[in-house]
Amino acid sequence: SALAETLGAPVFRVPLRLEGGVFMTNGRGLCVTTTTLAVQNSELAFAELARQMNRALGCSQLVFLESPSDEATGHVDMFAKFTSPDTVLVGAFDPTLSPEEAARMDRNARLLEDVRIGLRRKLRVVRVPMPAPVGTVFHSYTNSLLVNGTAVVPTYGRGAAEEAAVVEAYERALPPGWRVVTVDASRVIELGGAVHCAALELRFASPRRRS
């Protein structure tokens, strides 16, 4: 309410529990979330939940994905990331190290590959390596920030080869002309998130000037 007053914007309240990281959109009606959203709003039937998401956020399509079992937040931004309206990064685990997580992410990828974003086009899915969890810390390469033609991607000092593979996945997924910048998120990830969780994006076309 205080932010709305500062910007001169209306307040639109929605009867949902909706954490920022549990929701992402391609900006054209496709919304991707996790089963955590349904659990946190278990009093609502699926049809009503979908209606409220459409009403509040323009979700003409609502896709539910499985979260990694070792990730505590249940947020979709910990394992997936839209890089353009028709392209999404999805984490890929080494099946020899994390077979259950690898299978779960493969199911997510297949589900998204079947999503239509037009009459003839399907969503493009690019896989990005995900390291096996270390203790209770879930290291995410998709908890990144896309701003001003730059992808700010977290890294964790896990070796040049792994980080190069992550950067290469982003370069394949991003629109032409974008660049990738990496930042060490080894400390902040211990709090349950990385770059995306630590940043707040605010965009508006014509800011109101106060006299």
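Every letter in the sequence shown is one number past the one before it in the numbering used here, and letter 101, counting from 1, is 101. Built from N, CA and C at the ideal position, the CB exists for glycine as well.
Distances from the alpha-carbon of E162 to those of C31, H139, G58, R179 put H139 closest.
Note that the C-beta distance between V134 and S144 is not below 8 Å. Straight-line measurement puts the Cα of M105 at about 20 Å from the Cα of I189.
Pairwise C-beta distances place the stretch 82–90 in contact with the stretch 8–28, as three or more of them are shorter than 8 Å. The way I'd put it, the stretch 1–8 doesn't touch the stretch 32–42; fewer than three beta-carbon pairs between them come closer than 8 Å. Residue nearest to E168 within the set G159, A56, R127, G157 is R127 (criterion: CA-CA distance). The DSSP-derived three-state label of T73 is coil.
Shortest Cα-Cα distance from L191 to any of L119, K81, T136, E101 involves T136. Here L111 carries a helix assignment [DSSP, helix/strand/coil]. The C-alpha of S98 is placed about 42 Å away from the C-alpha of F12. Here F46 has A38 as same chain residues with Cβ atoms under 8 Å from its own Cβ, once five neighbours each way along the sequence are excluded.
If you draw a 10 Å sphere on the C-beta of N108, you find 16 or more other C-beta atoms in it, and that means buried. For L123, the closest of F82, A92, T155 by C-alpha to C-alpha distance is F82. Judged by their CB atoms, L57 and A80 are not nearer to each other than the 8 Å cut-off. Rounded to the nearest whole angstrom, the CA to CA distance from V183 to R120 is 38 Å. Shown here for N41: same chain residues with a beta carbon closer than 7 Å to its own, the five before and five after excluded, namely L16, R17, L49 in chain order.
In the same chain as S60, and ignoring 5 residues on each side of it, the C-beta atoms closer than 7 Å to its own belong to G29, N54, in chain order. Spatial neighbours of V181 in its own chain (CB-CB distance under 8 Å, excluding positions within 5 residues in sequence) are listed in chain order as T150, A151, V152, V153. For A102, the CB contacts under 8 Å within the same chain, skipping 5 residues up- and downstream, are A92, F93, D94, P95 in chain order. By a beta-carbon distance limit of 8 Å, A185 does not contact T142. Their separation comes to about 12 Å. Just so you know, the alpha carbons of G20 and R116 end up roughly 24 Å apart. If only uninterrupted beta strand (DSSP E) runs of at least 3 residues are considered, those enclosed by the stretch 131–162 are 145–147, 150–155.
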